[in-house]
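Colleague: What follows is a structure written as structure tokens; I'll ask about it next.
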Amino acid sequence: RKSFDSFWSLLEPDAKKLRFWQMKETENEDRNFILPLKTQLVLVLMRLRLGLDVAYRFGVSTSTVSRIWVTWLD
């Protein structure tokens, strides 16, 4: 947990500047309606490392996962 929090503290300033893929500018301003940024990072890392069915596990649609995935990895 401590390692993840340290990793997050390095990424957080830039994560707050992310522009979500295929979202209008006004939607990007309120981007945390999907999932909090820290949770999005966990989702991406779980998908990257384990290939898990993260849409089901996080209770969001597959298109939301796809948008988060492309945004974080672009």
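Just so you know, we're using full-length UniProt numbering here: the sequence shown kicks off at 1 and counts up by one. Here a beta-carbon is modelled for each residue, glycine too, at the ideal position from N, C-alpha and C. Keep in mind that this is a model prediction, so the values were computed, not measured.
(1) Among K38, W21, R19, D14, which residue has its Cα nearest to the Cα of R1?
(2) Do the region 1-12 and the region 47-56 touch if we need at least three Cβ pairs shorter than 8 Å?
(3) Taking buried to mean at least 16 other C-beta atoms within 10 Å of its own C-beta, is F7 buried or exposed?
(4) Within its chain, find whatever has a CB closer than 6 Å to the CB of T64; leave out the 5 residues flanking it on each side and keep chain order.
(5) Quick one: Cα of A55 to Cα of S61, how far?
(6) Report the option in F58, R57, G59, V44 whose CA atom is closest to the CA atom of L73.
(7) With 16 as the cutoff for other CB atoms within 10 Å, does L41 come out buried or exposed?
Modeller: Reading off the structure:
(1) Position 1 of the sequence shown, counting from 1, holds the residue named residue 1. Of the candidates K38, W21, R19, D14, the one whose C-alpha sits nearest the C-alpha of R1 is K38.
(2) no
(3) The residue given as residue 7 occupies position 7 in the sequence shown. Result: exposed.
(4) For the purposes of this step, residue 64 is taken as the residue at position 64 of the sequence shown. Answer for T64: I34, listed in chain order.
(5) Stepping through the sequence shown from its first residue, residue 55 is reached at position 55. Stepping through the sequence shown from its first residue, residue 61 is reached at position 61. Distance between the alpha carbons of A55 and S61: 6 Å.
(6) Taking the first residue of the sequence shown as 1, we reach residue 73 at position 73. Nearest C-alpha to L73: V44.
(7) What you label residue 41 is simply residue 41 of the sequence shown in a count that begins at 1. It counts as buried.
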